[in-house]
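> Those sequence lines, one after another, are chains G and C.
Sequential numbering from 17 applies to the first sequence in our numbering.
Sequential numbering from 17 applies to the second sequence in our numbering.
Cβ atoms here follow ideal geometry from the backbone N, Cα and C, with glycine treated the same way.
2 protein chains.
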Amino acid sequence: MAVENIAKALGDESRRKIIELLKDGELPATAIFDQFDYAAPTISRHLSVLKDAGLVSTRRNGVFIYYSLEKDALRQLDEWLSPFLPKVKAAPKEKSIPTPKIPKENPFDKFQSEF
Amino acid sequence: MAVENIAKALGDESRRKIIELLKDGELPATAIFDQFDYAAPTISRHLSVLKDAGLVSTRRNGVFIYYSLEKDALRQLDEWLSPFLPKVKAAPKEKSIPTPKIPKENPFDKFQSEF
DNA sequence: CTAATATTTAGCAATACGGCTATATATAAA
DNA sequence: TTTATATATAGCCGTATTGCTAAATATTAG
């Protein structure tokens, strides 16, 4: 699943920082390397993890490789999260016939504490 | 940072499944164990990782320990994501004096490709 | 107190991860 | 073609992770 690799990729501080660096547009690898105290190959690996997760893409221009953020990947994670996050903004107030509540048989109901 | 542990915790399939199981309410550990082919101690460890990340909380009732989802933790990750996700829903259309665009000096501007 | 059940902890093994240095590769300039 | 620069890959090493089984702990019932 894609969410797997996206979440894993975001579970590292350096990689989240790279994402933040790319927020406003593409950057060549060197510009990214410069923002870290780690050796360049270490960051290069982080970049490839991000790329494998679909979080960044690259384009080459001469000797430079520009990295840019793939926001769609972040959106995928956001979509995984969204069912758990109660929407604060209320649904449009509409006079509609309320859907009849047919309580769906939930195999866990027996575990739902009644206290 | 909290996002670190939350993202790491979500980077595992079994743990995401636990979160999904808890979506509609608390469950005792055993009910969770039953949903996996893994040995109970394995899932117990996943539960403790989730708890350390603040993603679930527990309450004891007799011999049972009920786990419930802490949506606030998920929201924290969502908040980390949100600056990267262009809001689809437009901001409230208001006739306001547009803030003068003073281009902020960005140390990376020199890297922004101009092609 | 003893037994039974629910759950966690300890400790082992295999694999993954995240640093590093050294080396390889790609492109451009000379 | 040689050189210089940008970037990636290989491989080492220590630590973390994730599975397991066995054992410990907590609570309730008898």
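#1: Mind listing, in chain order, the continuous beta strand (DSSP E) runs of no fewer than 3 residues lying wholly within the stretch 36-62 of chain G?
#2: Are the C-beta atoms of residue 94(C) and some chain G residue less than 8 Å apart?
#3: Could you tell me whether the Cβ atoms of residue 72(C) and residue 86(C) are closer together than 8 Å?
#4: Give a yes or no on whether 8 Å exceeds the smallest Cβ distance from residue 66(G) to chain C.
#5: Could you round the C-beta distance between residue 101(C) and residue 32(G) to whole angstroms and report it? I think they count as a contact, below 8 Å.
#6: Quick one, which of 95(C), 59(C), 18(C) and 54(C) has its alpha-carbon nearest residue 35(C)'s?
#7: Determine, for residue 103(G), whether the minimum Cβ-Cβ distance to residues of chain C falls below 8 Å.
#8: Could you give the distance in angstroms between the alpha-carbon of residue 26(G) and the alpha-carbon of residue 37(G)?
#9: Taking C-alpha atoms, which residue in 44(C), 20(C), 39(C) and 21(C) lies nearest to residue 96(G)?
#10: Who are the neighbours of residue 70(C) on chain G, taking C-beta pairs under 7 Å?
#11: Please state whether the Cβ-Cβ distance between residue 62(C) and residue 88(C) is less than 8 Å.
#12: Only counting the same chain, and skipping five residues up and downstream in sequence, which positions put a Cβ closer than 7 Å to that of residue 83(G)?
#13: Below 8 Å between beta carbons: does that hold for residue 23(G) and residue 18(C)?
#14: Mind listing the chain C neighbours of residue 91(G)? Cutoff is C-beta to C-beta under 7 Å, in chain order.
#15: Which class does residue 19(C) belong to by DSSP, given the choice of helix, strand or coil?
#16: In whole angstroms, give me the CA-to-CA distance for residue 123(G) and residue 51(C).
#17: By DSSP's criteria, residue 80(C) is part of a beta bridge. Which residues make up the other side?
#18: DSSP state of residue 85(G), grouped into three classes?
#19: Which bits of chain G does residue 86(C) rub up against, with CB to CB less than 7 Å?
#20: List the residues of chain G that residue 142(C) touches, going by C-beta distances under 7 Å, in chain order.
#21: Taking residue 94(G) and residue 94(C) to be in contact with their CB atoms under 8 Å, please state how far apart those CB atoms are, rounded to whole angstroms.
#22: Answer with yes or no whether the minimum CB distance from residue 39(G) to chain C is below 8 Å.
#23: How long is the line joining the alpha carbons of residue 98(G) and residue 20(G), rounded to whole angstroms?
Answer, in terms of the structure:
#1: none
#2: yes
#3: yes
#4: no
#5: Between residue 32(G) and residue 101(C) the Cβ distance is about 15 Å, and since that is not below 8 Å, they are no contact.
#6: 59(C)
#7: no
#8: 14 Å
#9: 39(C)
#10: Ordered by position in chain G, no residue passes the 7 Å Cβ test against residue 70(C), which lies about 14 Å from the chain.
#11: no
#12: 38, 42, 43, 45, 48, 63, 72 and 74
#13: no
#14: 101
#15: helix
#16: Caution applies to residue 123(G), whose pLDDT of 42 falls short of 50 and renders its modelled position unreliable; the model cannot decide the point.
#17: 77(C)
#18: strand
#19: What residue 86(C) touches in chain G: nothing, since even the nearest Cβ is about 10 Å away.
#20: Coverage of chain C is limited to positions 17 through 131, which leaves residue 142(C) absent and any answer about it impossible.
#21: 7 Å
#22: yes
#23: 16 Å
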